[in-house]
Structure formats: C-alpha cells, structure tokens
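The structure appears right after this line, and notes come after that.
In our numbering, the protein residues as written are 235 to 878.
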C-alpha cells in the first residue's frame, strides 16, 4: 500500500524555504524498509501526538510485540489527523532538510515510476539485511538506480542485531555492495550499520555500534545534495495555447522551470524567435505584476507579432533549450508489441507532439534478469536506450539538466506505449541563432486558394527507379498549370544536383534528403502551392516522417510498377550500371524498397497510360479537398485507385 504523510501534519509550513530532498528507498523484500520508515518518522518527530503510545498499547492488549512497520498501516486510517494516503511518498523533516521518501515496492513498479515521478529523486537509500547479505534483488535495485541516473546512494545494512553487531560481517557486506555500485559508476555516499527495530544508527550512535565512525541514517540524508529548486533552473514555458482577446494575442502555458517577468528578453524555441514579454495576464481585468515562478500557469503577451504554436518553448535569451531533430533516450517499454529499430512512433515532450523513427536500439535489458543483450527490440516491461530521429525540430533538455523538460512519453496507435529520460541531444546539429526571426507571408492562404482554385498540398510520388514517377509528376504539373493552378515540381535527382549535392546514398543521407524535400514541399504547400515531389524515397519510415512534417496537406502516390518492367525501361541506365557493380547501393538491385502500406493513390504505369493516370490523380485531389473546381471523374479515379 502506498502512503503520503501530509506535511502540515508534521508541522511543516507551506511554502517552506528549507532544502527539499527527494529520496527513493529500495531493497529486498523483508530487509526492513517499513521498519526503517516507521523509525525515521518517530526519530524525526513526524508522528501525530500520542500515536506511538496508542499503537504500543494496542499491541500489548493483543499480546503481540510492537513493530515499527505498524505505524504505516495505522496511518492509513488516520484521516482525522490530516494524513492522506496516495502513491508512494512519505514526508518528514530532519534538522536540515524536508525529506520526501519514495517507496519502490518492486523492480517493474519502480521503472514505471520513472514516467510518473520516482526518477526525480535526488538520491536513494538501499537497504541490505545483515544476516542475508547482498541478494540478487539487491543488485537489481542497484542497477535500476543506475538506469534512472541516481548518483547519490546511502547504503543501510539493517538488522545488525541479528549478527550480534559484528563489525566483520558489516565490513564484508560493505565491501561487496560498494564494489557493485562502483562498477555501475555510483560511489556510495555512506554505508551505515543499523538496527531499525532498536534504533541503533538511525538517528543516534549507540554503544553496540561503537566501532562505527560514520554518519547515522538521518546524518547521511542531511549530507546529500538536494537538486536545484525548479525556480532556480533556466526558464522553460511550454506553450499550451494561443488566445486572441481584443487586440492581444495571449500565449498561455505553465512555467515548468525558472521564472519570468514583464520586460524579460525571451526566445521562442525551436525557431529561435526573439521578443520581450510585454505583459503577464490573468483571466480578470488587471495584469499580474512581479515574477512568476515554476508551477504557475500564466498568459503572456509579446512586444512583437510572431508566429508561436503549441509545443514551442519560451526561454530566456542566453539559456535556451537545445534545438534538435535527433535525441537519445532511456525508456521503459509498456506496449504488448516489442519496440524495434525502424519503428515509427509519436514522441511527446511536454505538450509537444512529433512523429519520430527509432534509428537504433542499444542496451536492451530485462530488469528481472539484469541481462543486457545485443538485440534490435525492447520487449514489454524491459528497458533500453534508443536513438530517435524526429520529423520536426523540437526544443528539449537533457534530463540531467532539467527533469521537467528532459522526459518523454511514447505513443503507438493512440495510447501510451512507454516513457523515459532524455540522455543526450545530437550536439552536431545546426544550432538555431536566436537572432533569426522568420517572416510570414503577407498573403493569407484564402487569397491564394481563391486565385489558384486549389488548396496548398504536397503530392509525393514514390516508387522504384524507372517506375514513371517523374513522367507522372511532369504531366500533373502541366495539367494543373493549364487550369490556372500553381504547381511546382521538386524532382529528387534535380535537387541532388543542387541543394542536396552534399548528400550521398547512405541510410542517414537518404533520410536527410527526404527531410529536406519535405521541408521545402511543406513550405510551398503552406503558401498555397501544390508541390509535386518525385523521389524514390525507399524507406517507409522516412516517408512517414515527411507526412508528419507536412501534416494534413500530404498526399502520397505509390507508383507500383513491377520491378522487372522498371528494369526493362531503365531510362537513365542505372539498372545496367548497378548490375555491373558501378552503382553500389542502388535501390531496386542492392537496396530493398519498402512499399507503402497506406497511400492516397496507387498507380501501375505498366497497365494505365499517362493521361488516364493524371485523370485519376486529379479526381483524388478533388475528393481530398485539394482541388475545388468541377466534378470528379469517378470512372477514371476508380480505374487506378487502391485505397488502404
């Protein structure tokens, strides 16, 4: 059962300025966690008046010895004392700290908590039974602390009364667990011999451990370093919504870290737009004054008109989060289906949602077995480190730098499938200058659609080399232009001769080639044009990221001409060169083409002529509300259509 002791019941004032320490307590079953927690509450004055005496009297009447663990069970029923029960947190005060103790009942539950809170711990208490010694579960818990990035660990060797307070036994356990922790990169802050039942070593030294010169448990907690308060971290205000009131555009969100005030110079990431905070608003007539810190929901106005969208992060100039399209994370996987390299996922960083592709999986671990194996997948309830390529840039921090903005959640199929910690951000990527202020078009999309009689869109032709992509793209461009539209052709080979000439044909370069095409095509679509892309784009994941980047304007056409027909045509002589070994990595010979699973239209140019195919494409564009002129030629459309 999980418990929280309300700080007001402990005499802790609300809004205290005392350092706050979050501690995870872990250990093998029956090594004495509940007894230690009960004793800590007593030794630090954290119990309601008369509670201890009442429980001792009850135990005596029942003819059973009093156990300190009874305190936790009894506190569950003490609602009239102002004590509430929730999750796994227990609060008490030492002379120097306000301590939040997080109980971790088991390895699977512990890892799930890294999504919901336990990973915010500043340190840990690891309990070992003096008689039983270091067990497999003890090692597992130590490893889980390492996985969660907990660097401050105090080891408690409990039940020393069961080994007659033997200094030799204590030293043997201390050496064993210290060696294990150091191997994991964690140096124990202290190893403490105690008897939680009798109180030896919990808050005071006793004669029975007179040979021990280190700190007590309470002293060790006071010596741990609390994390910086959220108010002391750099400003992070994720944008949740933008509201229009009279002549004001109010950018609303919750301050996750740092603080802000009117007049602050801020940067909107990931675009790097700069502005000053003109006002801080509330939902009444008067603006708010002074500084506004972490945890407060605010609305702000800026001193200039900027395009700001949900998921952007507002930070102070000089202390901005990283701009990234690629990050590395340690995740705990919850989905029934294993996570595999190449998987398309939805990544949520705060309120930001962005499509991503798992580029690599490393260090997949079964926490029950502590087996780190070379594998390309992470199974349910397992842990692993993954590298993710994102379809759009995001603003992010490493978890070690900011626990509020350095955590992510993964969705698959519309439900949460996992979550974890951002370990690193690709530092080799281009940084966004905070002096860059993107300029929006002076024309509204409605003005362009009224002239061109169509909405902005991206028509993405994919298929094997020689399938007919460029032929269809050119014919569609000519047809739309003849009807007064604004089509723009973006051929993959043409761009590789110019904008993308720095790219080769490795998997990473192919992905970057598609990303650039999608960025350019998406920009044209947002400005009312129909961007017609003809590119092999062999990776299903890359095309999914292109669709995500363009969003609802994306229309994918699979030119599904059979491979043997494509090779017979060989309009550029590439198949012949590939067969001769002169074009290594050529798609269709050396590389696999991943055919789309879901597309707006499928065309086989070996069975449909160009004119009929373009009729079908036009009708698809009408049916999907890109074109708004004339009636659909349903017969032509049905002749070439294959819906997913």
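Glycine is no exception: its CB is placed at the ideal position from the N, C-alpha and C atoms.
Three-state secondary structure assigned by DSSP to residue i
{"i": "residue 452", "result": "helix"}
{"i": "residue 839", "result": "coil"}
{"i": "residue 701", "result": "coil"}
{"i": "residue 721", "result": "strand"}
{"i": "residue 571", "result": "coil"}
{"i": "residue 661", "result": "For residue 661, the predicted model reports a pLDDT of 45, less than 50, meaning its position is unreliable; a value from the coordinates is still stated below. Of the three classes helix, strand and coil, the one that applies to residue 661 here is coil, per DSSP."}
{"i": "residue 784", "result": "helix"}
{"i": "residue 669", "result": "Residue placement at residue 669 is flagged as unreliable, the pLDDT there being 49, under the threshold of 50; the coordinate-derived value follows with that caveat. The answer is coil: DSSP assigns residue 669 none of H, G, I, E or B."}
{"i": "residue 556", "result": "strand"}
{"i": "residue 776", "result": "helix"}
{"i": "residue 326", "result": "strand"}
{"i": "residue 414", "result": "helix"}
{"i": "residue 735", "result": "coil"}
{"i": "residue 793", "result": "strand"}
{"i": "residue 292", "result": "helix"}
Residue i, buried or exposed, once every other Cβ within 10 Å from all chains shown has been counted against 16
{"i": "residue 802", "result": "exposed"}
{"i": "residue 288", "result": "exposed"}
{"i": "residue 402", "result": "exposed"}
{"i": "residue 502", "result": "buried"}
{"i": "residue 712", "result": "exposed"}
{"i": "residue 541", "result": "exposed"}
{"i": "residue 531", "result": "exposed"}
{"i": "residue 716", "result": "exposed"}
{"i": "residue 317", "result": "Residue placement at residue 317 cannot be trusted, given a pLDDT of 34 that sits under 50; what the coordinates show is reported in the next sentence. When all chains shown are included, residue 317 counts as buried."}
Run of the alpha helix (DSSP H) containing residue i, from where it starts to where it stops
{"i": "residue 809", "result": "808–813"}
{"i": "residue 907", "result": "Lying outside 235 to 878, the shown extent of the chain, residue 907 is not represented and no answer is given."}
{"i": "residue 298", "result": "Careful: residue 298 lies outside any alpha helix (DSSP H) and carries neither H nor E."}
{"i": "residue 269", "result": "267–277"}
{"i": "residue 728", "result": "726–730"}
{"i": "residue 256", "result": "Looking at the DSSP string, residue 256 is not in any alpha helix (DSSP H); the run it does join, the beta strand (DSSP E), is 254–261."}
{"i": "residue 535", "result": "First-last for residue 535: 531–536, but that is the beta strand (DSSP E), not the alpha helix (DSSP H)."}
{"i": "residue 826", "result": "Counting along the chain, residue 826 falls outside any alpha helix (DSSP H), and DSSP gives it neither H nor E."}
{"i": "residue 370", "result": "370–381"}
{"i": "residue 486", "result": "Run containing residue 486: none in the alpha helix (DSSP H); it sits in the beta strand (DSSP E), 482–488."}
Beta-carbon proximity check, residue i vs residue j, cutoff 7 Å
{"i": "residue 621", "j": "residue 580", "result": "no"}
{"i": "residue 709", "j": "residue 848", "result": "yes"}
{"i": "residue 860", "j": "residue 676", "result": "no"}
{"i": "residue 656", "j": "residue 640", "result": "yes"}
{"i": "residue 630", "j": "residue 555", "result": "yes"}
{"i": "residue 451", "j": "residue 426", "result": "yes"}
{"i": "residue 821", "j": "residue 767", "result": "no"}
{"i": "residue 568", "j": "residue 652", "result": "yes"}
{"i": "residue 718", "j": "residue 688", "result": "no"}
{"i": "residue 572", "j": "residue 509", "result": "no"}
{"i": "residue 384", "j": "residue 358", "result": "yes"}
{"i": "residue 278", "j": "residue 326", "result": "yes"}
{"i": "residue 460", "j": "residue 332", "result": "no"}
{"i": "residue 442", "j": "residue 399", "result": "yes"}
{"i": "residue 361", "j": "residue 265", "result": "yes"}
{"i": "residue 775", "j": "residue 578", "result": "yes"}
{"i": "residue 743", "j": "residue 795", "result": "no"}
Supposed close pair residue i, residue j - CB separation, criterion 8 Å
{"i": "residue 423", "j": "residue 391", "result": "The pair is not a contact, with the Cβ atoms about 14 Å apart (cut-off 8 Å)."}
{"i": "residue 724", "j": "residue 658", "result": "That belief does not hold up - the Cβ atoms of residue 724 and residue 658 are roughly 33 Å apart, past 8 Å."}
{"i": "residue 528", "j": "residue 492", "result": "7 Å"}
{"i": "residue 267", "j": "residue 259", "result": "6 Å"}
{"i": "residue 779", "j": "residue 589", "result": "6 Å"}
{"i": "residue 800", "j": "residue 729", "result": "Incorrect: roughly 21 Å between the Cβ atoms, too far for contact."}
{"i": "residue 487", "j": "residue 473", "result": "5 Å"}
{"i": "residue 335", "j": "residue 271", "result": "6 Å"}
{"i": "residue 793", "j": "residue 702", "result": "5 Å"}
{"i": "residue 526", "j": "residue 372", "result": "Wrong, their Cβ atoms sit about 45 Å apart, outside the cutoff."}
Run of the beta strand (DSSP E) containing residue i, from where it starts to where it stops
{"i": "residue 626", "result": "617–630"}
{"i": "residue 641", "result": "641–646"}
{"i": "residue 578", "result": "578–583"}
{"i": "residue 587", "result": "586–600"}
{"i": "residue 229", "result": "Any question about residue 229 goes unanswered here, given that the chain covers just 235 to 878."}
{"i": "residue 479", "result": "471–479"}
{"i": "residue 549", "result": "547–550"}
{"i": "residue 466", "result": "Premise fails: residue 466 is in no beta strand (DSSP E) and is neither H nor E."}
{"i": "residue 513", "result": "507–515"}
{"i": "residue 695", "result": "691–696"}
{"i": "residue 765", "result": "764–768"}
{"i": "residue 899", "result": "Here the chain has residues from 235 to 878 only, and residue 899 is not among them."}
{"i": "residue 427", "result": "424–427"}
{"i": "residue 358", "result": "357–363"}
Closer than 7 Å to chain C by CB, residue i
{"i": "residue 451", "result": "Here chain C cannot be found, since the structure has a single protein chain."}
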